[in-house]
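Notes follow the structure.
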Amino acid sequence: MDKKRLINLIKKGEGIKLDFKQKLELDMESSRKELAKDICAIANSKGGRGYLIIGVEDKTKKIIGIGDEYKYSEEQIQQIVSSRCEPPIPINLEFVDIENKRIAIINIYDGPQKPYQIRETGAFYIRRGSTTDTMRKEEIISALQENLSLNLELCPIVNSTLDCIDNSLVDKYFMFKGIESNDNNRIELMEGASIINFDGDMNKYVLTLGGVLVFSRMSYLFAPHSMIKIINKVNKNFPESMVIQGDLLSMLDEGEDVIREILPKTYPVKAIYEGLSNAILYRNYALYYTEIEVIIESNNIILNSPGNLLSKHLENNHSFLKRNMWIYEKLITLDDKGRFLNSGRGFARIKAQFKGKARVSFVNSLKEEKFKIIYPGTKFYK
9 MDKKRLINLI KKGEGIKLDF KQKLELDMES SRKELAKDIC AIANSKGGRG
59 YLIIGVEDKT KKIIGIGDEY KYSEEQIQQI VSSRCEPPIP INLEFVDIEN
109 KRIAIINIYD GPQKPYQIRE TGAFYIRRGS TTDTMRKEEI ISALQENLSL
159 NLELCPIVNS TLDCIDNSLV DKYFMFKGIE SNDNNRIELM EGASIINFDG
209 DMNKYVLTLG GVLVFSRMSY LFAPHSMIKI INKVNKNFPE SMVIQGDLLS
259 MLDEGEDVIR EILPKTYPVK AIYEGLSNAI LYRNYALYYT EIEVIIESNN
309 IILNSPGNLL SKHLENNHSF LKRNMWIYEK LITLDDKGRF LNSGRGFARI
359 KAQFKGKARV SFVNSLKEEK FKIIYPGTKF YK
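This note's numbering numbers the first residue of the sequence shown as 9 and each following residue consecutively.
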């Protein structure tokens, strides 16, 4: 790291990927534990490479430097972290002289094995602003899912029963696969496709989360966060707030119908449809406390999708990293309208709808853990 980059980081101040320490006393066990916890938290936080800068006061950002009595080696730091954190966290140590003072920088790389945890306690840590905190259950699930260590869609829903399944959707799915589904073989087919699982303790079949979302019109009983909430601020002929629930395809169909009726006839509504279908497909279903939301106002229309867009989405609009591959396969098979067949260039198609008229913004909010599409409002289309 060069001096200019270091000065810019210090000016920036502490955050989820940046922490300052005045000193490290590595001869003390409590300090070694604290170091491992802080590195673990920065590594688990989203946003790319992180930094732990030693020799700077955390409150004032005053450059203190590290004295000769505090000599660190990369091998020493690596040993402390590797013996206390798992999986291994990729780090390195470097030194930069600034204002005649030596600063130590621990670079914490964005590794592929999140989430990292402390071996001794099994705890997972994350940064919230400038502080270190334990990860919440949904944050751990999200991290496992995003790094392909957990397939959330195949998790069983304990209180569900086969009565919740819409057999017509199941039969339609297998028909498109060239398989006849009927009362004699439907359970076997559903189990093979991971729509249901057999729970040996309860001695009954239960639905998986994916099975509930795709094949149950009563999904609200088991996944109440699977909904579309439409806030209408422009059309007095419709309620101000509407909630749409059901299986994913039915929700998408109804959501499109409602949005089309609310918006002016000249509005390029297909751009909203594109964003809505992507939200249903890519949203993070581990975030059980929030729903897909469409806010329709005169100045802009905001589509909020729970969960951050995975980094590969932003780097290359042509190749999306699909968060919910099991759901994707089911929807692409069942959807008669072919809305998921060309999901790879959605951003470009959305922008093209407003070319020469107004600007569309895409916001990947790490803080809110949402992906937002901000469309031009209805005032542009009277």
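Built from N, CA and C at the ideal position, the CB exists for glycine as well. Here the structure is a predicted model, which means the values were calculated and not measured.
Asked: Inter-stretch contact (C-beta, 8 Å, three-pair minimum) for the region 169 to 185 and the region 194 to 204; Found: yes
Asked: Stretch-stretch touch, CB-based, cutoff 8 Å, three pairs: the region 98 to 108 with the region 138 to 150; Found: no
Asked: Simplified DSSP state of MET250, which is helix, strand or coil; Found: strand
Asked: Cβ-based burial, THR216 [other Cβ within 10 Å; buried from 16]; Found: buried
Asked: Boundaries of the alpha helix (DSSP H) in which VAL266 is found, first to last residue; Found: 256 to 270
Asked: Three-pair Cβ contact test at 8 Å for the region 167 to 179 versus the region 83 to 90; Found: no
Asked: Close-in-space but distant-in-sequence residues of the same chain around SER285 (CB under 7 Å, 5 per side omitted); Found: LEU260, ARG347 and PHE348
Asked: For THR341, the first and last residue of its enclosing alpha helix (DSSP H); Found: 333 to 342
Asked: Residue ranges of each alpha helix (DSSP H) within the region 48 to 129, 4 or longer; Found: 82 to 92
Asked: Member of GLY55, LEU271 and MET9 whose CA lies at the smallest distance from the CA of SER373; Found: GLY55
Asked: Beta-ladder partner(s) of GLU301, from DSSP; Found: LYS237 and ASN312
Asked: Euclidean distance between Cα positions of LYS212 and TYR336; Found: 27 Å
Asked: Where ASP179 falls: helix, strand or coil (DSSP); Found: helix
Asked: Three-way DSSP call (helix, strand, coil) for ILE149 in this model; Found: helix
Asked: Selection from ASN292, ARG291, SER39 and ILE267 that minimises the alpha carbon distance to TYR281; Found: ILE267
Asked: ILE300 and ILE288 closer than 9 Å at C-beta; Found: yes
Asked: Rounded C-alpha distance that separates ASN100 from GLN253; Found: 49 Å
Asked: With 16 other Cβ atoms within 10 Å as the buried cut-off, status of LYS338; Found: buried
Asked: Distance between beta carbons of ASN332 and GLU161, contact taken as under 8 Å; Found: 6 Å
Asked: Exposure of PHE103, with buried meaning 16 or more beta-carbon neighbours within 10 Å; Found: exposed
Asked: Extent of the continuous alpha helix (DSSP H) run through ASN286; Found: 278 to 290
Asked: Three-state class that DSSP yields for ILE358 in the structure shown; Found: helix
Asked: Simplified DSSP state of ARG460, which is helix, strand or coil; Found: Nothing can be reported for residue 460: it is not among the residues displayed for the chain, which extend from 9 to 390.
Asked: First and last residue of the uninterrupted alpha helix (DSSP H) at ILE18; Found: 11 to 20
Asked: Distance between LEU26 and LEU17 (C-alpha atoms, nearest Å); Found: 8 Å
Asked: Candidates LEU295, LEU229, LEU311 and TYR296, of which the one nearest ILE239 by Cα; Found: LEU311
Asked: Identity of the residue in ARG136, PHE132 and VAL166 nearest ALA151 by Cα; Found: PHE132
Asked: 8 Å contact criterion, which TYR181 and LEU14 should meet: CB distance rounded; Found: At roughly 56 Å, the Cβ-Cβ gap does not stay under 8 Å, so TYR181 and LEU14 are not in contact.
Asked: Cβ distance (whole Å) where ILE74 is taken to contact LYS31 below 8 Å; Found: 6 Å
Asked: LEU322, DSSP secondary structure in three states; Found: Unreliable positioning characterises LEU322 in this predicted model, as indicated by a pLDDT of 43, which lies under 50. A coordinate reading is not provided.
Asked: Cβ pair ILE97, ILE24 closer than 9 Å; Found: no
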